[in-house]
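To get the working numbering, take the position in the sequence shown, counting from 1, and add 223. Just so you know, even glycine gets a beta-carbon here, dropped at the ideal spot from N, CA and C. Let me begin by presenting the structure, written as structure tokens, before commenting on it.
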Amino acid sequence: MLQSYDGSFYIINEHNLCCPTLLLILVLGDARLVDGGAPTQGRVEIYINGSWWTVCGSWFGYQHGQIVCNQLGLPKLFEVYYGAGFGEGNGSILTEEYYCQGNETSLLNCAKTGYHSYCGGHYEDVGIACGPFVNAGM
Numbered sequence: 224m225l226q227s228y229d230g231s232f233y234i235i236n237e238h239n240l241c242c243p244t245l246l247l248i249l250v251l252g253d254a255r256l257v258d259g260g261a262p263t264q265g266r267v268e269i270y271i272n273g274s275w276w277t278v279c280g281s282w283f284g285y286q287h288g289q290i291v292c293n294q295l296g297l298p299k300l301f302e303v304y305y306g307a308g309f310g311e312g313n314g315s316i317l318t319e320e321y322y323c324q325g326n327e328t329s330l331l332n333c334a335k336t337g338y339h340s341y342c343g344g345h346y347e348d349v350g351i352a353c354g355p356f357v358n359a360g361m
């Protein structure tokens with residue numbers, strides 16, 4: 224990988240062709256929506272310690288969902304889906320409870336309550352729809 228004078232990055236492949244590439248840097252607390260069939264909906268995942276964690280639905284509410292929609296630059300929260308409504312994730316599950324006032328830029332910027340919810344497994348993964356639900360043939 225080479226860095227050009229303007230700061231963009233390029234990859235040289237086996238044919239010595241140079242192609243611009245996007246350098247994505249993930250930071251603690253980044254969010255994404257997965258397996259929703261549309262970019263405005265899906266299972267909520269938060270980037271923590273180098274991997275994507277799903278979120279346990281037992282503590283997640285409307286205000287938490289709105290913060291995720293805002294963080295992703297998406298429309299107002301339409302609905303929260305409990306019980307792995309967008310499928311079960313894998314890996315770690317965020318069980319630590321957060322109290323949000325609504326002006327936070329990430330769930331991890333909310334105050335920790337000091338409690339951890341019991342989460343039986345990925346069947347409790349939470350999902351959201353920002354803006355109206357899109358039936359994408361799921």
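Exposed unless 16 or more other CB atoms sit within 10 angstroms - verdict on residue i
i: residue 248; result: exposed
i: residue 314; result: exposed
i: residue 334; result: exposed
i: residue 317; result: buried
i: residue 329; result: buried
i: residue 343; result: exposed
i: residue 264; result: buried
i: residue 267; result: buried
i: residue 250; result: exposed
i: residue 337; result: exposed
i: residue 273; result: exposed
Segment limits, alpha helix (DSSP H) that includes residue i
i: residue 294; result: 285–294
Which listed residue (the options) has its alpha carbon closest to that of residue i
i: residue 349; options: 330, 310, 323, 331; result: 310
i: residue 281; options: 253, 256, 319; result: 319
i: residue 297; options: 306, 289, 303; result: 289
i: residue 321; options: 356, 278, 306, 305; result: 278
i: residue 220; options: 338, 253, 284, 303; result: This structure gives no information on residue 220, because the portion of the chain shown stretches from 224 to 361.
i: residue 284; options: 261, 354, 305, 312; result: 305
i: residue 324; options: 291, 269, 274, 275; result: 291
Euclidean distance between Cα positions of residue i and residue j
i: residue 301; j: residue 271; result: 26 Å
i: residue 286; j: residue 259; result: 20 Å
i: residue 358; j: residue 352; result: 11 Å
i: residue 255; j: residue 339; result: 22 Å
i: residue 347; j: residue 312; result: 10 Å
i: residue 345; j: residue 262; result: 21 Å
i: residue 354; j: residue 299; result: 6 Å
Run of the beta strand (DSSP E) containing residue i, from where it starts to where it stops
i: residue 335; result: 334–339
i: residue 268; result: 264–271
i: residue 274; result: 274–278
i: residue 321; result: 319–322
i: residue 248; result: Premise fails: residue 248 is in no beta strand (DSSP E) and is neither H nor E.
Heavy atom of the ligand ADP within 6 Å of residue i beta-carbon
i: residue 310; result: Here there are no bound small molecules, and the ligand ADP is not part of this structure.
Cβ distance (whole Å) where residue i is taken to contact residue j below 8 Å
i: residue 332; j: residue 252; result: 7 Å
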